[in-house]
Amino acid sequence: MRIVDQPTALVVCDWHLMEFAQTGGMVHIEHYDSATFLSDDECKPYVHARQVLKERALSEQGTRDRLEAEIERVILGG
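For the sequence shown, this note's numbering gives the first residue as 2, with consecutive numbering after it.
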C-alpha cells in the first residue's frame, strides 16, 4: 500500500484489478449496494490507471514516513 497525496479521478470508486496467468485480467468495481466484474479487454483502462497511480504514489519509504508522522501528530498532538 502506498499513499497517493494528489487529487485524482482514478479513485472515485473502489476497484480491484486482479491478473491471472491462465485467464487474463479481471476488475471488481464496488458500487453503493452492488458490484460489477469486468474481464479481458474491459480491464485495459484499469491497467493504465494502476500504472498512473504507481507513478503518482509516494515511495514505500515516503508512505511509511508520512504514516509515522501522522500517527505522531494524532497521538502526541505534534
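Note that beta-carbon positions come from the ideal geometry of N, C-alpha and C, so glycine has one too.
DSSP state of residue i mapped onto helix, strand, coil
i	result
L11	helix
G78	coil
D66	helix
I72	helix
A58	coil
Same chain, Cβ closer than 7 Å to residue i, five either side skipped, listed in chain order
i	result
T37	I30
Beta-bridge pairing of residue i - partner residues as DSSP gives them
i	result
V28	L18 and L39
Beta-carbon spacing of residue i, residue j below 8 Å
i	j	result
A50	L77	no
R3	L68	no
R74	V5	no
Residues near residue i by beta carbon distance below 8 Å, same chain, minus five either side
i	result
H32	C14
TODO: Flag this pair as touching only if the region 59 to 71 and the region 40 to 48 have three or more C-beta atom pairs under 8 Å; answer yes or no.
DONE: no
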